[in-house]
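Worksheet for the structure shown next.
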Amino acid sequence: MSGRPTKIVCVGRNYREHARELQHEVPAYPLLFLKPPSALIASGESIVLPPASARVDFEAEIGVVIGRRMHHVGADQAPHFIRGFVCLNDVTARDLQKTDGQWARAKGFDTFCPVGPRVAEELDWRELEVYGRVNGEERQYGKASDMVFPIPMLLSYISGIMTLEPGDIVATGTPAGVGPLAPGDVVEVEVPGVGILSNPVRAYDE
Ligand code: MG
């Protein structure tokens, strides 16, 4: 990754089975939220569980890295603005997400956005898949073709709201199978063709 993105734009409930497991309807239009760039960590760095939360979940996702400034771009042209793809973990304090009503805290703690291990530039967005594993055990599997809103539509929609800058990251939603993390766990997100994003989990200790 080169430099820090100006923003990380995330999409909620973009796979039907995941919306169902959290007892939500699939939204009529993409449900967006932001993660702060200060939450970014690389592969190998630790996810730190904050004392404020009793339930921190992993969410394996396909991340899109923007290559050219996007402002009101149509879905047909959107793929030309993609630099490449990354593995992304949308780490979430599930209890705080429910109690706060909006998600800035639940999604925004330091270390809550592992991204890596590289930006893969040669892949076709239509063929992307994502796996989530905890301690080597597969927990999540999804593919881009199962998304409620496909990647070009997401990018077009977001670019009509906020200008996407080169290096900005779009997290495209997580498939079913999310679950809690505990100190000592190792969580992996794999996007075949990109690689494996691996992060140990530890308790906050000053
Ligand atoms: Mg997510």
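Residue numbers (the numbering used here): 6 to 211.
Just so you know, even glycine gets a beta-carbon here, dropped at the ideal spot from N, CA and C.
Model, not experiment: these values are computed from the prediction.
Looking at Ala-47, Arg-207, Lys-40, Tyr-209, the one whose alpha-carbon comes closest to that of Arg-123 is Ala-47.
In the DSSP annotation of this structure, Ile-13 is not part of any alpha helix (DSSP H); the continuous beta strand (DSSP E) holding it starts and ends at 13 to 17. For Met-75, the secondary structure class from DSSP, reduced to helix, strand or coil, is strand.
The nearest non-hydrogen atom of the ligand MG is 8 Å or more from the C-beta of Glu-22.
With respect to the 9 Å criterion, Gly-137 and Val-183 are classified as neighbours on the basis of their beta carbons. Thr-97 has its Cβ nearer than 8 Å to a heavy atom of the ligand MG. Around the beta carbon of Glu-195, 16 or more other beta carbons sit within 10 angstroms, so the residue counts as buried. Considering only Asp-95, Val-53, Ala-80, the residue with the shortest C-alpha distance to Cys-15 is Asp-95.
In this structure, Tyr-162 is the residue among Tyr-162, Pro-35, Ala-125 with its C-alpha nearest to the C-alpha of Asp-81.
When Cβ pairs closer than 8 Å are counted between the two stretches, the region 52 to 61 is seen not to touch the region 148 to 156, the count staying below three. In this chain, Gln-28 is not harboured by any beta strand (DSSP E), its DSSP state being neither H nor E. Around the beta carbon of Tyr-34, a 10 Å sphere encloses fewer than 16 other beta carbons of the protein chains shown; the residue is thus reported as exposed.
Listed as beta-bridge partners of Ala-208 by DSSP are Leu-54. Assignment of Pro-122 by DSSP, reduced to helix, strand and coil, places it in the strand class. Around the Cβ of Glu-64, a 10 Å sphere holds 16 or more other Cβ atoms; the residue is buried.
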